[in-house]
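Heads up, the sequence shown is in the numbering used here, so the first residue is 248 and it goes up one at a time. Ideal placement from N, C-alpha and C gives every residue a C-beta, glycine not left out.
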Amino acid sequence: ALQLFVASLEGDEVQPTYRQFCGIDLAEAVSTVVFRLPFNKRLQIDRRILVARSHHFREILSVDQNLSEIDLSKEAAADLASFTVLLRFLMTDRWDATSSHVEPDLAFNVRHLAK
């Protein structure tokens with residue numbers, strides 16, 4: 248599982264979203280990370296956003312600077328709707344399940360991915 252929202256045990260202060268975005272170097276070239284999901288679905292997001300907003304992704308992407316694709320195709324909870332909600336949360340700090348077709352298991356899938 249992805250552990251996106253687990254707070255650091257080392258006492259790191261969580262900055263508001265706008266401060267995290269202010270730390271993004273807009274002069275840096277855009278580099279996309281592709282998430283391969285079940286059923287040959289794919290989602291893309293700017294690497295700088297993942298690094299700025301998620302301690303988990305910051306660790307993964309700092310280890311391999313050339314990593315451009317993350318394979319979640321065998322992760323059943325990583326369906327298109329659930330992972331879209333998760334990435335939108337990373338970008339906005341808002342839970343918005345209304346913009347997608349809400350499946351009964353959506354909240355449980357997002358929770359599973361985030362733990």
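Between Leu308 and Arg294, the beta carbon gap of about 6 angstroms places them in contact (Cβ cut-off 8 angstroms). Our two residues, Glu275 and Val298, have alpha carbons roughly 13 angstroms apart in a direct line. The shortest C-alpha to C-alpha distance from Leu273 to any of Ile296, Gln262, Asn287 and Val281 is the one to Ile296. Counting along the chain, Arg341 sits inside no beta strand (DSSP E), nor does DSSP assign it H or E at all. If you draw a 10 Å sphere on the C-beta of Thr331, you find 16 or more other C-beta atoms in it, and that means buried.
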